[in-house]
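Student:
Numbering (my numbering), first residue to last: 9 to 209.
1) Any idea what DSSP makes of residue 48, helix, strand or coil?
2) Taking 6 angstroms as the limit between beta carbons, can you name the residues of its chain near residue 127, skipping five residues before and five after?
3) Kindly indicate which three-state DSSP category residue 195 falls into: helix, strand or coil?
4) So, helix, strand or coil for residue 189, using DSSP?
5) Cα-Cα, which of 83, 164, 194 is closest to residue 154?
6) I'd like the ranges of any beta strand (DSSP E) spanning at least 3 consecutive residues and lying wholly in the region 40-88.
7) Counting only runs of 3+ residues fully inside the region 130-183, write out the beta strand (DSSP E) ranges in chain order.
8) Per DSSP, what kind of secondary structure is residue 114 in: helix, strand or coil?
9) Residue 119 by DSSP, collapsed to three states: which one?
10) Considering only C-alpha positions, which residue in the set 114, 143, 61, 139 is nearest to residue 132?
11) Among all the DSSP beta bridges, which residues are the ones paired with residue 200?
12) Using only alpha-carbon positions, find the residue among 140, 120, 136 that is nearest to residue 215.
13) With a threshold of 16 other CB atoms inside 10 Å of the CB of residue 88, please say whether the residue is buried or exposed.
14) Would you check if there are 3 or more beta carbon pairs closer than 8 angstroms linking the region 155-174 to the region 80-97?
15) Between which residues of its own chain and residue 79 is the CB-CB distance below 7 angstroms, once the five residues before and five after are set aside?
16) Do you know how far the Cα of residue 70 is from the Cα of residue 18?
17) Counting only the same chain and skipping the five closest in sequence on each side, list residues whose C-beta sits under 8 angstroms from that of residue 1.
18) For residue 72 and residue 145, what's the separation of their Cα atoms in angstroms?
19) If you compare alpha carbons, which of 85, 46, 76, 149 is closest to residue 124?
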């Protein structure tokens, strides 16, 4: 298993080619930076138990940073819909917990994994999905699917390259979620903002 955290030239070229052909499905042509990875580690660490679900794992920079920070492999699920990127994840980390799935239809799979791995709930969701490009029903499907089996304290941390929330706040409120602009990260290309969504009690 290759747990390097720095992106390789191959990571850049693979993302670049996919971004050119699938710009609405691939969020950016560059892998997330170490600073973004560290922020996601902070978000995962805030969840003391339960599964950590990573959405849009790509070439694996966040996955590698989480594992290097000591996250128990049994807690991590990395989801990637693109078959090319999923194959790279499996080669890099091994197939365990690397899922080739559509993030809009996660709830049944999460339920099975919770039973299989002995966890009661999802503790945190970490997303680099291009959710801004999703249709409104698809945005809701991603959130609802992840929160169906989540702890009441669970947080959905979403990266964006714009200052505002990639999911409109009035829609979130209507669906029963709150939104907080959590962290701005300049040491990334492009510079990134992390938003956190929580289910309202």
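Backbone N, C-alpha and C fix where the C-beta goes; we use that ideal spot for every residue, glycine too.
Tutor: Straight from the coordinates:
1) helix
2) 58, 59
3) coil
4) strand
5) 164
6) 59-63, 84-87
7) 130-135, 158-168
8) coil
9) helix
10) 61
11) 193
12) Coverage of the chain is limited to positions 9 through 209, which leaves residue 215 absent and any answer about it impossible.
13) buried
14) no
15) 52, 60
16) 16 angstroms
17) Outside the shown range of the chain (9 to 209) lies residue 1, about which nothing can therefore be said.
18) 31 angstroms
19) 85
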